[in-house]
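Engineer: The structure that follows is given in the form of structure tokens.
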Amino acid sequence: MDRLAAQVDQLTAQAAEAAGQADLGEQLNAVQHERDEFRARTEDLSRQLASAQQQVVVAQQQAEQIKNLSQQLEESKQREAQLRDQVSKVEPSTETGSLQKIAGAAAAASTEPERATAMLTLAMQLHDQYVDKGKAKAKEITELSQRKYDELIGKANDYSNRTRSEADEYNKNTHANADSYSEDTRSDADAYAAKTRQDADTYMQDRHNEADQYMAEKTEEGNAYLNRKKNEGDAYVAQKTQEGDQYLSDRQNEGNSYVAQKTNEADQYFSTKHSEADTYESEVQRRAADYDAKTRSAADDYAQQVRDNLESQSKVIEGNIQGLKQFETEYRARLTEFLGQLVSQVSDTNNYSQVDQNN
Numbered sequence: 018m019d020r021l022a023a024q025v026d027q028l029t030a031q032a033a034e035a036a037g038q039a040d041l042g043e044q045l046n047a048v049q050h051e052r053d054e055f056r057a058r059t060e061d062l063s064r065q066l067a068s069a070q071q072q073v074v075v076a077q078q079q080a081e082q083i084k085n086l087s088q089q090l091e092e093s094k095q096r097e098a099q100l101r102d103q104v105s106k107v108e109p110s111t112e113t114g115s116l117q118k119i120a121g122a123a124a125a126a127s128t129e130p131e132r133a134t135a136m137l138t139l140a141m142q143l144h145d146q147y148v149d150k151g152k153a154k155a156k157e158i159t160e161l162s163q164r165k166y167d168e169l170i171g172k173a174n175d176y177s178n179r180t181r182s183e184a185d186e187y188n189k190n191t192h193a194n195a196d197s198y199s200e201d202t203r204s205d206a207d208a209y210a211a212k213t214r215q216d217a218d219t220y221m222q223d224r225h226n227e228a229d230q231y232m233a234e235k236t237e238e239g240n241a242y243l244n245r246k247k248n249e250g251d252a253y254v255a256q257k258t259q260e261g262d263q264y265l266s267d268r269q270n271e272g273n274s275y276v277a278q279k280t281n282e283a284d285q286y287f288s289t290k291h292s293e294a295d296t297y298e299s300e301v302q303r304r305a306a307d308y309d310a311k312t313r314s315a316a317d318d319y320a321q322q323v324r325d326n327l328e329s330q331s332k333v334i335e336g337n338i339q340g341l342k343q344f345e346t347e348y349r350a351r352l353t354e355f356l357g358q359l360v361s362q363v364s365d366t367n368n369y370s371q372v373d374q375n376n
């Protein structure tokens, strides 16, 4: 009976060895499944890289829009120069037409007081006309410049807000995709772990049931065989026990060596692919962060440049207005001086006439 129990233990050990090889096959399948997951993750990262490249194309299109805005700003400068040229053309000259008109008005009068009155009246009319034209032109230039300034400021603010919104939306979507991918990966890993444990428990229970059934059958056969072949059975059991022990020892050594080799290879493969995936993911995140920072910086620099240019243009326009005001003041002073000289000449002429009459 002791020898029969030893034989049953040997058969149970062989069944356990077979179960161990099946577990090794399950481990290899798990490693292959993880390899497929890493491949899928690599493809997903490739798609994210393609999306980042598409964002670069969008940024190039936005740069083209910036170029168009710069061209519009240059056209605005040219129109302002044309308006300045028109203003300079309509400015009165103190040495040509105005004095000739005043002199012509004086020639039509018959007496000195009438000539002085006609010259003074025409001079005041010309002065009012030039002042009104200057004010109207200055107002027109100011309103046009203000409208262009408001338009450029609006476009710059819209572009800045749109760029910021797109960058924030891209950052939000990237974070959401990363969180979703992480959550899905964890869920898949948990489900795979639960399924693997369930399959392992089921497989172990089946192996135990088969071993128990096999043990019961062999016990019954052994009892029958012991009753029929007791003497021959002792010698056969001794021989087979020795052969079985040797075979079990050899197979255990081979199985342990094979399990150690495959476990080491699987661990090395898993470690290598995990490191490669982490490195690639870090590189993609770094590129996305660099692109986001460059886009924000370019938008801020452009908005600041537009504001600085518009402030400079506003200062130039204010300087032009001040120049017009200064011209009006100087013109009034020169006109007043001219009228004073004219009145003085008329007065001297009258005094001279009175002296001649007295003589």
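In terms of my numbering, the sequence shown has 355 at position 338, counting the first letter as 1, and numbering is strictly consecutive.
For glycine and all other residues, C-beta sits at the position ideal for the given N, C-alpha and C.
1) Could you tell me whether the segment 330-339 touches the segment 162-169, using the rule of 3 or more Cβ pairs below 8 Å?
2) Within 10 angstroms of the Cβ of residue 353, are there 16 or more other Cβ atoms? Answer buried if so, exposed if not.
3) Would residue 287 and residue 51 be called neighbours here (beta carbons separated by less than 8 Å)?
4) Put residue 246 into one of helix, strand or coil per three-state DSSP.
5) Verify whether the separation of the beta carbon atoms of residue 301 and residue 72 is less than 8 Å.
6) Quick check: the Cα distance between residue 323 and residue 154, rounded to an integer number of angstroms?
7) Evaluate the contact criterion for the segment 349-364 versus the segment 169-184: three or more CB pairs, one atom per stretch, below 8 Å.
8) Can you give me the C-alpha to C-alpha distance between residue 200 and residue 296, rounded to a whole angstrom?
9) Leaving out five residues before and five after residue 82 in sequence, what residues of the same chain have Cβ atoms less than 8 Å from its Cβ?
10) Any heavy atom of the ligand NAD within a distance shorter than 7 Å of the CB on residue 148?
11) Leaving out the 5 sequence neighbours to the left and right, which residues in its chain are closer than 7 Å to residue 304 when beta-carbon positions are compared?
12) Kindly indicate if chain B contains any beta-carbon less than 8 Å away from that of residue 84.
13) Measuring straight from C-alpha to C-alpha, what distance separates residue 309 and residue 62?
Structural biologist: Reading it off the structure:
1) yes
2) exposed
3) yes
4) coil
5) no
6) 26 Å
7) no
8) 20 Å
9) 176
10) Absent from the structure shown: the ligand NAD. Ligands present: none.
11) 69
12) The displayed structure is made up of one protein chain only, and chain B is not part of it.
13) 18 Å
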